[in-house]
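A quick write-up on the structure given underneath.
Numbering (my numbering), first residue to last: 14 to 341.
Below you can see the structure in the form of structure tokens.
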């Protein structure tokens, strides 16, 4: 939208786009009339920016919200250059307004998600740190103490007793090693890299079943072992996050994970028989996880949906279209 303004920022001329945008006549937009369309919170800033640009005879560049004919405020990028008079002093400005609302909303959404992603990463690091400190470190200390006690003269252990203690310490060492490997796989699923998505999903389901009181059934059908790395990783992380939600929140006894190759693409479905939740009342940790899963699949051209309700279980579905599988 083009405009020419006097030194006091009142409009001297506008193009037809102003009438289309505001829904009022040309005459109502000229003079000070157009400023009635500026958002009340932006008016003082506009007048200050205009006055400063006029005083310094420099290019004007600012942002403000203008009311559209439907009552919606739209963000505008305002750019203008001074119009010199015969004496060389500015007599006003000629400029334009460009609607940047959509771009601003996208930027705000990206910024919001970046903040939430950082929060999620820090939460995951804190969780792993707690597991290392509160669980694994303490068991390592027990293991070290147990080994040290084997040589203490005051215990006077018989050979069978020593063998029994050694077996118990060996079992503890194996458990610690297994748990460290489990944490490592959560950070970087090596099976995904070397064996492919189907094998990694099967392994994930087995581990969850073994470690938690949830019977996880896994169905994998018609899915190629080799998929673009970004698609494999994001589908795997979606399944991983979904099963973590099942374990932490659902109180479910059974869960079903399906990874199926279909004509339209690859579909991932995770459902459980747990307590469910109201979608508009999910707690912050679950809500953050759902956002992360949605963004992960959106980043590879996929879709994400979740269906749940109190005492009705939860059903999560992600899909990546066939067209994306070719490009990755």
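Cβ coordinates follow ideal geometry from the N, Cα and C atoms, glycine included. Keep in mind it's a predicted model, so treat the numbers as computed, not measured.
Distance from the CA atom of residue 288 to the CA atom of residue 322, rounded to whole angstroms, is 8 Å. Fewer than three Cβ pairs drawn from the stretch 186-196 and the stretch 228-237 lie within less than 8 Å of each other, which leaves the two stretches out of contact. From the listed residues 269, 261, 205, 219, the smallest Cα separation to residue 248 is found for 205. Beyond the five residues adjoining it in sequence on each side, residue 74 comes within less than 6 Å, by CB distance, of 92 in the same chain, given in chain order. For residue 252, the enclosing alpha helix (DSSP H) begins and ends at 242-258. Cβ atoms of residue 109 and residue 79 stay farther apart than 8 Å, at about 12 Å.
Ranked by Cα distance from residue 60, the first of 34, 23, 28 is 23. Secondary structure note for residue 157: its alpha helix (DSSP H) is the uninterrupted segment 150-162. Look at residue 96 here: in three-state DSSP terms it is strand. Counting other Cβ atoms within 10 Å of its Cβ, residue 310 reaches 16 or more and is therefore classed as buried. When the Cα atoms are used, residue 207 and residue 240 turn out to be separated by approximately 12 Å. Taking residue 303 as reference, the option from 52, 259, 336, 58 with the minimal CA-CA separation is 259.
Following the DSSP letters along the chain, one finds residue 19 inside the beta strand (DSSP E) bounded by residues 15-19. Judged by DSSP secondary structure, residue 232 falls within the beta strand (DSSP E) whose first and last residues are 228-234. Judged by their CB atoms, residue 90 and residue 76 are nearer to each other than the 8 Å cut-off. Residue 336 carries a helical assignment under DSSP once its states are collapsed to helix, strand and coil. Here residue 262 is buried. Its C-beta has 16 or more other C-beta atoms within 10 Å. Within 10 angstroms of the beta-carbon of residue 50 lie 16 or more other beta-carbons, which makes it buried. Here residue 33 carries a helix assignment [DSSP, helix/strand/coil]. Between residue 185 and residue 163, the beta carbon gap of about 13 Å keeps them out of contact (Cβ cut-off 8 Å). Within the DSSP secondary-structure output, residue 26 pairs in a beta bridge with 17. Beta-carbon to beta-carbon, residue 254 and residue 305 are separated by about 6 Å, close enough to satisfy the 8 Å threshold. In the three-state reduction of the DSSP assignment, residue 62 falls in the helix class, which pools H, G and I. Counting along the chain, residue 221 sits inside the alpha helix (DSSP H) bounded by residues 210-224. Taking C-beta separations shorter than 6 Å and ignoring five residues to either side along the sequence, the partners of residue 329 in its chain run 255, 283, 319, following chain order. Taking residue 331 as reference, the option from 57, 40, 250 with the minimal CA-CA separation is 250.
Under the three-state reduction of DSSP output, residue 51 falls in the strand class. Distance check between residue 269 and each of 235, 219, 236 places 219 closest, using alpha-carbon atoms only. Within the same chain, 76, 77, 78, 112, 113, 114, 117 come within 8 Å of residue 88 by CB-CB distance, once the 5 residues on both sides are set aside.
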